[in-house]
């Protein structure tokens, strides 16, 4: 039975911007596993209640139901040992925890205020008030106020990518010659920006943009 | 013939604070290799001219002379394949590049202004004017001015450690159950603070402090 992945969608059901869903999708692609997508929207809590969560991604693999993107990635790695590993070895897997936290606490945290309003505009009508309410509570101010400060945030965001920039100036991918989980985690965050906002947060000529393009090529069809 | 490591020293020849020298020392310890230390001071350029560099660490291993801490680490890994690896595997080795850049551009860059004046005070008299001149040029103001802004920098520095903190809250070391190169790179930066300034930059109860203590224990005798 083909795996099912519940993924966050915008008003346009083909608009996929959730970076956490992208993480899973990129790993499924890396492993060459067959799966089908189930579009889901923020307010459709009932549709995933069976998984014991209120958030996607949710993966249904036969009688296994797994939620939380990081748990799903590890589930796929452990359940399909004959597919290409996304971790490499024991050490690289442990270190991946750091990349996850760096992605979330630095990269994603830097992107979020800049793309939050464009994402809002792409949501299905029925999701908008839910999204506004939960996100304004998180930011402590209106989405429009957050958007207005956006431009001021760009230099600090670009500067925060310095360690990634220095790495991919010297090698093709964070994991070396081919992408592995650190690349996927970071790339998923950039796909969130692309599919959620269409914004370009990088300067022309930034080595991070060149790495992102290599990721585009390496994951074509994901 | 025992390897010789030229290491930066303070006024007290036993005062070792260079984090780049600590990197090498920690890796030598990890590998169980025998070596001896040659104390060196900033202005003793002539003593290391044979290595084609003006900076330590310089490693002399038989007829091999290697400089630059990152180059030395890779030299030791490749030259002594029968000793315990500090990288793990191909992927973890590639990813180590990121840890190096994160350590240098975030952790070390955050620490430097706070400890620069205490380090100055520990230097040998003959090094002081060299150090003041080169560092004031780098910071664009006097060491005393840099020191005065120090306290203001502490909250942002602590916040910048968030990805490390989240990682070592969940596992003993960045590399998992035992320390490997990412831990050594980061720990070397903390040893720089300890031996160069005696300052405590972490709050009591910070999981990063608990990790540092585990590193103290894991590297005892380094």
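Protein chains in written order, with the working numbering: chain A, 1 to 222; chain U, 1 to 222.
Glycine residues also receive a C-beta, built at the ideal position from the N, C-alpha and C atoms.
Asked: Would a C-beta distance cut-off of 9 angstroms place residue 168 of chain A and residue 208 of chain A closer than the cut-off?; Found: yes
Asked: According to DSSP, simplified to helix, strand and coil, what is residue 80 of chain A?; Found: coil
Asked: Does any residue of chain U have a CB that is nearer than 9 angstroms to the CB of residue 203 of chain A?; Found: no
Asked: Report the neighbours of residue 182 of chain A on chain U: residues whose CB is nearer than 8 angstroms to its CB, in chain order.; Found: 95 and 98
Asked: Mark residue 50 of chain U as exposed unless 16 or more other C-beta atoms lie within 10 angstroms of its C-beta, in which case mark it buried.; Found: exposed
Asked: Consider the Cβ of residue 164 of chain U: report whether some Cβ of chain A lies at a distance smaller than 9 angstroms.; Found: yes
Asked: In or out: residue 223 of chain U buried (at least 16 other Cβ within 10 Å) or exposed?; Found: Since the first and last residues shown for chain U are 1 and 222, residue 223 of chain U lies out of range.
Asked: Determine, using beta carbons only, whether residue 177 of chain A comes closer than 9 angstroms to chain U.; Found: yes
Asked: Any chance the CB of residue 129 of chain A is under 8 angstroms from a heavy atom of the ligand SAM?; Found: For the ligand SAM, the structure offers nothing, since it holds no ligand at all.
Asked: Quick one: residues in its chain with C-beta nearer than 7 angstroms to the C-beta of residue 2 of chain U, no 5 flanking neighbours on either side, listed in chain order?; Found: 34, 35 and 36
Asked: Check whether the stretch 97 to 117 of chain A and the stretch 192 to 202 of chain A touch, using three or more Cβ-Cβ pairs below 8 angstroms as the test.; Found: yes
Asked: For the candidate residues A:154, A:13 and A:44, whose alpha-carbon lies nearest to that of residue 130 of chain A?; Found: A:44
Asked: Which chain U residues are close to residue 27 of chain A, counting only those with a beta carbon under 7 angstroms from its beta carbon?; Found: Going along chain U, no residue has its Cβ under 7 angstroms from residue 27 of chain A, so there is no contact; the nearest lies around 15 angstroms.
Asked: Measure from the alpha carbon of residue 109 of chain U to the alpha carbon of each residue in U:125, U:124, U:9 and U:135, then state which is nearest.; Found: U:135
Asked: Looking only at its chain, what residues have a beta carbon closer than 7 angstroms to the beta carbon of residue 123 of chain A, apart from the 5 residues adjacent to it on each side?; Found: 10, 11 and 131
Asked: What is the DSSP secondary structure of residue 3 of chain A, counted as helix, strand or coil?; Found: strand
Asked: Could you tell me which of A:219, A:82, A:94 and A:85 sits nearest to residue 87 of chain U, measuring between CA atoms?; Found: A:94
Asked: Could you please give me the residues that DSSP links to residue 38 of chain U through a beta bridge?; Found: U:6
Asked: Closest to residue 188 of chain A by CA distance: which of A:126, A:47, A:61 and A:103 is it?; Found: A:103
Asked: List the residues of chain U that residue 170 of chain A touches, going by C-beta distances under 8 angstroms, in chain order.; Found: 97
Asked: Cα separation between residue 79 of chain U and residue 89 of chain A?; Found: 22 angstroms
Asked: In chain order, what residues of the stretch 72 to 93 of chain A put their CB closer than 8 angstroms to some CB of chain U?; Found: 87, 88, 89, 90, 91, 92 and 93
Asked: At a CB-CB cut-off below 8 angstroms, which residues of chain A make contact with residue 105 of chain U?; Found: 162, 163 and 166
Asked: Starting from the N-terminal side, write out each stretch of the beta strand (DSSP E) that is 3 residues or longer and does not extend beyond the stretch 147 to 177 of chain A.; Found: none
Asked: Please tell me whether residue 172 of chain U and residue 214 of chain U are closer than 9 angstroms, where the distance is taken between their beta carbons.; Found: yes
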